[in-house]
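Protein chains in written order, with the numbering used here: chain A, 38 to 645; chain B, 709 to 1166; chain C, 4 to 199; chain D, 30 to 330; chain E, 87 to 277. Here a beta-carbon is modelled for each residue, glycine too, at the ideal position from N, C-alpha and C.
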Amino acid sequence: MANIEYLLLFLVGSAVISYFLTRLNSFIGSIFTIFATMFVFVSLAAYGFNMNLDTTVSLLPWFSFSQTYLGFFFVIIIAFIYLMVSFFHPYFLDKYPYKNSYNLLFLLSLAGIIGAFYTDHFLQLFFFFEMIIWTTMFLIPQGKSREAAVSYFGFSLTGSVALLIGIFVIYQNVGRFDIQAGLAGISGTTSVFVFVLFMIAALAKLGTFPLHIWLPLAHGNAPHPFSPVLSGALVKLGAFIGILALIKINPIGPVIGAIDLALGQYIIAFIGSLSIVFGTLMAIKEDDAKKLLAYSSMSHGGYILVAFSALNGFAFAGGLYHILAHALASAGAFMAIAAVARATGTTKMKELGGMIHKMPITYLAYLIAIISMAGIPPMGGFISKWLIFQAVIDRGMILIAVAVFFGSVGSFLYVFRPLAALFLGQEFREYKHVKEAPLLMLIPTFIIMGLNIYTGVIPKQIIDFINNIIGENTAFAPVVATTFTVTATYGTLNAGLIALIFGVGVAIAFIIFILMKKSRKVELMDTYTAANFVHDEHLLHYSVDFYAPLERMYEKQSHWMKKFYDALAHKVKEVGKLAKYLFMSNNIGVTLIWILVIIVLLIGVVAL
Amino acid sequence: MSAVLLIAIPLLAAFISILFKKYSIYLLFAVTIFNIANVFLATEGIIIIGGFSPPLGISLLVDTYSKIALLLVNALVLVIAALNVKAYPKYGTILLLVVAGLNGLVLTNDLFNFFVFLEISGIAAYLITASNKKPITTFRYLVIGAIGSSLFLLGLIILYSMFGTLNMVDMIKEIALNNNYQELVLPFTLMFIGLGVEAKLLPFNSWVKGILGHSNTFSGPMIASVYASAMGFVLGRFITNLFNFEGMLLTVVLVILVAGIVLSDIMAFASKKSREILLFSSVAQASMIALLFVNGIIIWAVYLIIANALSKTVMFMIINKAQKDVGSDEVKSLQGLFANNLVIGIIFTIATLSVMGLPLLVGFTIKLNFLTELADAGQIWTIAFILIASVVEGIYFVKLLLKLWYPEGNLIKVNYHLSFKLVFAIIALALLTFGVYQAPLDKLDNTVDTVMEVVNNG
Amino acid sequence: MNSMNNIERVKEIVEKVAKVRKFEQIDKFQIAFEIEKNDVHQTLSALKLAGWKQLSYLSAIDWIETSKFELVYVLFNWDEALYIQIRAMIEREAAEMNSIISIFPGAKYYEREAHEFFGINFPGNPDYHKQLILENWDDIPPLRKDFDPSVYSDRKFPKREYSVDYSVKDPENKSFEKIKEREKRALSLRTGGQKK
Amino acid sequence: MIVNILVGIGIALFGFALQTSIGGINRKIVGRLQKRHGPRWYQEFIDIFKLLSKRGISHGWIYDFGVIMALGGIIATAMFMPLTVDIVAFKQFDNFFIFVYLLAVGMLGMAMSASGSGNPWASIGVMRALTTMLAYEVPFLIVALTIINVSDSSSLTAIQAFQQTAGNNWFIIALPLGGLVGVLSLMGMLGKKPFETYIAPAEIASGPMVEYGGKQLGMLFILHEISVFIEVSLFVHLFLGGASNIFIFLIKYFTVYTVVNLISNVNGRFKIDQVVKFFYKWPLLLAIIQAFIAIYLGWVI
Amino acid sequence: MKSTKFTPVPLTKAETDKKWWEIGDFFRRNSLWLLMYCTGCCAIELPPAMTSAYDMERLGMGPMATPRQADILLVSGYLSLKTLRRLIYTYEQMSEPRYVVALGSCPINGGIYHDSHAVINQLDQYIPVDVYVAGCMPNTEAVMNGFVDLMDQIKHKRANGWKKYHENYSWYKANQITSLGEVDVHDEFHE
């Protein structure tokens, strides 16, 4: 019987041990981290599924833990992503300035995550949140930029501060810090206040529209093995708070007649759709592969928000399914890009091309990840998007539907850009020596590929677990699902059948291919160039400004948000300088004036 | 071993140490160790000196609150003096004066006597800041300090004229009888401003930028942690017992304090020099402490004073030592300070994280608890402002930390003496253990300050 | 502003700068000066200042009899409609002419072409010797008069004789003589009357 | 299940044969339009089989795998397509979104093998194809949303049945603006002249197909025929009330394809950003207005 | 008396291939795609061939953009050295079986440029040519006739220029090298 408290202490202990082990030799340290995360994941999976983790507390008396299906759903996904990514550590750690602290902070943040999702006390939730924030904040600058870590910390801190103020507002009204009771206990204007504060926290952590500046910076510049964790796992914390705010608190504001949805929920859905559109447009324009995937996580965060704010059983199930599918897909994609970056040293699409010839397995991993990310049938992304579409259509939210459809089609565009610019196209001379990623790195890629397909073809087990969550947290009807099919308001989707028929189609095409004559092998440079003799691969590789005509249309508007936040920071500095001038001036007279002002103020005030 | 020795011995030693200059610093060590020992042995309660009855005679009040203050002040002075024994050997006598003055401040129950000790410690402070080699800033500090203490005296005189007694306990009894609060506003404001100047509250502390901005490894910690914590304790005692603000006065004081927190954090956000960042952060902490006392959260204010004093000593010492070796305290020029002294880096990070109030460190538990208490007191807007200020604080501290951790261009050569590392490691360890293991913090509670007890039952 | 006084104006400019060996008015809008080889640079810069900002063309003519190359610089003025040709004779053996890139940067490719087709060297032009139009040329510059293209054609391009198997009704009809006559005339035309 | 699969394959084959012959007939009609004879009606068959008989070239395994995956995806989509209300391979699984997204698999396969061929023109062609898809897809899906919301099911057979029931008439009449948007996006989907930016033979040497020859090009022609069959029959089922028996389906199919083909033959070709600007101006606006009217105000003719 | 019962005679591998090849020939000759390599002045004859006057599409023929897709390489007019180099590169890029149709007299014997240093005299020294259409700019009917001849040749399995190119590849290459120096050329503009 695994005890949550022992797991936490085990993690903190193994974090310290891995610190010293990595000081010895980074390979051994990383291997130890792999085993530590594996132990945690296995014990969570073994005992967590049927909810019999022991939550008694002996060594740390002021902590209190409780098991919920919702919490377990998040923990198992994030722990799985941590395990998969830890396989990458042995090969990446030597390049980082403070490599021995890397493993320490990695395991500490995992401990924070397990704690955050297993606690039922608001302050402990905040305790673990803050712990996750500052541990991950120290991991990001090991990559390329310091500014990314500062903006990540700034936005996450705003989020968690809003969360804390919300917690205290609840405490003031309900008098207790219990999560379930607290959220249920509030109503009227305080629930609006708490809803707004919790949504700020959710938007900041999810990296959706208004508070998304840190997302591309942090994911783009984080160390290569850490961005899958950042986008696959840590973004999901925001989703968790989003669920608390959107589902647990009863709907906010007047109900809009046409789509009978509360106004608060509709505003969040609108923000979600804004972030889908904005994320897609920015991703189409992006040249750095990791920043592109960051913007895609932003747009998928928008999907999750739309799903949870649609207040519909299928949308809620679709949202949870999407969290799982997106976590796997974006982790897979980021890991593929990390493998490429390790081999070539850059993630810029301008400098890369033709990676498929040297790294075919990484290519397959990336292909399956983006098929799921774009929501195309055989993979998990399609089922979750299908469920969300059902809810959006059922409610008839037209503007949200425009954004959701734009996002699903646009995601096809920007996921294809790295595929074409990075993997396909001409093979550059300077990457001739590049070899496929080592075996230890391929294990997680294979596992995630398998899982992507599994979530796409057999939705039953996942839908059943989601039904537990629905039963536990909401009053919606559970989603009916047999082994291969999922039924929603507008008809059933037979995922297994689609995969089977797809297989049949490919078989037919393969037969046609085999019957005909064998085609002549021709190397890549021998292409039709209107008979010009071109000898340099770079001239024949089309990857810079891939969607140039599309990008030109919204070139100017794409920097508004960044300018807004820079201006905000600048304004705060201005106020600081003004205050310094007012209060900290060098001549003593100013202080005297302030003293007199206060005295006169008080006398005047009291006397009147 | 009555508490009077805590004041008498240092004074006596101060005069003796003038005779043999070289050994004055070792005399200081002896006196502070004696004081620390004496604090544990001292008997609690009111101590009358010279047999005069309350309205005239000088009396001391000893309770756990003042014991904690004494312990903190003497320990810090010992540590700081020990660490700077090579750099600043000749400050033995002045330090003895400091110890005498601050002990007096904390212990005295007689308001006029409080003013006297305020003057003694002020003079000692001016002499210490003289070591900054920046006479203009010390002069500015001297003038504002003098104004502050004279305002305090003016307030005291008004009170004396109204109630005829100088003894704090009697004064509180008299005030309790007098029902007209209008008259008390003027003296309380004057005394609050007088103490505010010394305790670095926002509108009155323009001297802090000059003093701490050009501080060194000796004057920085002394002003930023020893004096700050002493004045914090004293201000706390006055606010909770004497002033008990109410009505319009309370709102104005609250506005001053909250504005103090938010504005000083924003000023820190806007400053480029690392020492300026630290000094504005300590100004913010001072206003926070005063705010807690105003809301009657005594025990968490005490812990905040202790934690802030310890972390500020560590941070000021590290930054000042680096500034001395590098020459300028611009954050750009200190870039990559921790690249090759890792231990110091970890210690500085732990101290900063504790000041910011992040988990696993004592700062977090303190912040969470005093916010809960504020929530109990129904002050949601104050919580909101404190937390918004903590966001700004978080951002500028993280910017500072990341600049210090990650070098750009050539590495700077700063080495710290082993003693530095040892002492700071102990402090950092304390911050960490009390962050994780919170049981001991819950042993004490608001009854630490027994002034009201003494007032009620004689 | 008719072109007559323009021509007078141009004549003065050129006479001031160079010794004009021959002046010729080709048509209403085109005049030509023949000057010494080493006056070319001054005249070109003078005319450029006067408004003839564009070097329209630079070509060479191979006078094989007097073994001279004649370089023709054609200048064009956007404001007044008047073409000016500056002609200069240079030696045919080891022909050389200082490059005018400093005056007209556009001349870079004309000089390269002149070198490729005539073999004239242009010191001062950094890459005049590089290949521009002809690829892998392995014979003397083709536009020289002493180069015979048909010899080159027979040498380089493999040829097979077509079997003449077309049937003609009466073998003696005059079409044969007509064809032979036409071939002889074409042959004389092509070789400039040298070969009978 | 095997029977359904065989029926599906039959439908896919029928679709291929139907579209290829109708394509041939249309080439003759266009010929007649331009006062010339035009090819035989089975010319498209001959072209395809000629291509399959030639020995093409291959640029590596992704070049071939992409084509196989593309054709496989498109055949799979065609297998789901219902011909009439009762001729359908998988009774209640012919969901509308399967067609939109399995077409995307076909598109992805072709795009992958085109960029895998290493020719910059192919990548530019793929980029233009994806951008055009982004343009015409969103208005079409909004209209589909209205149709699904009104007919209360997303399975094509149910939508057909809804339109064929006595009370209500075809969606092209019931939702007039939706019908107009449907036609425009159908032309975008088919890649017909005004929106034929990605097979622009003059500009980018037939776009993605630049490196294909022999059997790969043959397979891509089959893919093109079957995808045209899917798109046109999708239009027929969504807007023209599907068909109760096969002959009505043939007639409707022929009229739709010929009308679209004739429109396309009198049009020039848009630039790629004009296509996107056009689709995001009028069709999207009409689709939203139609959705607003149909769902909120309930005015369905 | 031969038995009228139909007994299937097992065909050998070669016979089945031949049988398939004949069927393939039917398709190849009824859908000939042109790669219009408009080198010289004879190219002006093709628009009328495609438009309503002569309508090439009747024969199943149509213009194609790239050599990979085309069956016929249509050389219309004189071939300078530089164009020949590109023509050979394009010819080798075409998918097999491929045919070459040469319009005008220039590919036959150099035409009016027979004595020029830049224009080659006989095209079939460098690549195998299946159909010549003589005439210094042959009439459109002549061009259409040429195509019909090609279809006829395919029918009777005589249009195997591409096989000849493989068989005496070295001879063709030798001729190309003598005339062109080398086929692949590096110039500063495409480096």
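Beta-carbon separation (whole angstroms), residue i vs residue j, contact threshold 8 Å
i              : j              : result
residue 48(A)  : residue 73(A)  : 7 Å
residue 361(A) : residue 486(A) : Not quite, the Cβ-Cβ distance comes to about 15 Å (not below 8 Å), so this is no contact.
Span separating the alpha-carbon of residue i from that of residue j
i               : j              : result
residue 160(C)  : residue 67(C)  : 27 Å
residue 635(A)  : residue 960(B) : 9 Å
residue 320(A)  : residue 450(A) : 9 Å
residue 3(C)    : residue 93(C)  : As shown, chain C starts at 4 and ends at 199. That puts residue 3(C) outside it, with no answer to give.
residue 221(D)  : residue 260(D) : 12 Å
residue 99(D)   : residue 298(D) : 26 Å
residue 266(E)  : residue 161(E) : 18 Å
residue 145(D)  : residue 411(A) : 20 Å
residue 251(C)  : residue 236(D) : In the structure as shown, chain C starts at 4 and stops at 199, and residue 251(C) therefore has no counterpart that could be examined.
residue 373(D)  : residue 177(D) : Outside the displayed span of chain D (30 to 330) sits residue 373(D), for which this structure offers no information.
residue 199(C)  : residue 183(C) : Here residue 199(C) scores only 49 on pLDDT, less than 50, and its place in the model should not be relied on; the value that follows carries that caveat. If you take the alpha carbons of residue 199(C) and residue 183(C), they lie about 13 Å apart.
residue 623(A)  : residue 846(B) : 12 Å
residue 1057(B) : residue 383(A) : 31 Å
residue 759(B)  : residue 875(B) : 14 Å
Interface partners of residue i on chain A, CB under 7 Å
i              : result
residue 956(B) : 642, 643
Chain-ordered neighbours of residue i on chain A, where CB pairs are closer than 8 Å
i               : result
residue 917(B)  : 617, 621
residue 848(B)  : 623, 625
residue 1072(B) : 164, 167
residue 1114(B) : 134, 178, 183
Proximal residues of chain E, C-beta to C-beta of residue i below 9 Å
i              : result
residue 239(D) : 151, 152, 154, 155
Proximal residues of chain E, C-beta to C-beta of residue i below 7 Å
i             : result
residue 84(D) : 181, 182
residue 76(D) : 117
Neighbour list for residue i in chain D, Cβ cutoff strictly below 9 Å
i              : result
residue 261(A) : Those do not exist, as residue 261(A) stays about 24 Å from chain D at its closest Cβ, beyond 9 Å.
Neighbouring residues, chain C, relative to residue i (Cβ below 7 Å)
i              : result
residue 319(E) : The structure shown does not extend to residue 319(E), since chain E is modelled only from 87 through 277, so no value can be given for it.
**Message:** Short of 7 Å Cβ to Cβ, which residues in the region 139-153 of chain E face chain D?
**Reply:** 141, 143, 144, 146, 151, 152
**Prompt:** What are the residues of the region 264-289 of chain D that lie near chain A, defined by any Cβ-Cβ distance shorter than 9 Å?
**Reply:** none
**Prompt:** Between the region 565-577 of chain A and chain E, which residues of the former have CB atoms less than 8 Å from a CB of the latter, in chain order?
**Reply:** 565, 568, 569, 570, 571, 572, 573, 576
**Prompt:** Which runs of the beta strand (DSSP E) spanning at least 3 residues fall entirely within the region 216-262 of chain A, listed in chain order?
**Reply:** none
**Message:** Counting only Cβ-Cβ distances shorter than 7 Å, please list the residues of the region 516-538 of chain A near chain D, keeping chain order.
**Reply:** 527, 528, 529, 530, 531, 534, 535, 538
**Asked** Of the residues that make up the region 198-216 of chain A, which ones have a beta carbon closer than 8 Å to any beta carbon in chain B?
**Response** 198, 201, 202, 205, 206, 208, 209
**Asked** Quick one, which residues of the region 414-432 of chain A are near chain D if we go by CB-CB under 9 Å, in chain order?
**Response** 414, 415, 419, 422, 423, 426, 427, 429, 430, 431
**Members of the region 120-135 of chain A near chain B, C-beta cut-off 8 Å** = 134, 135
**Request:** Mind checking the region 159-172 of chain E against chain C and listing, in chain order, the residues whose C-beta falls within less than 9 Å of any C-beta there?
**Result:** 167, 168, 171
**Request:** Could you run through the region 194-205 of chain D and flag, in chain order, every residue whose CB is less than 9 Å away from some CB of chain A?
**Result:** none
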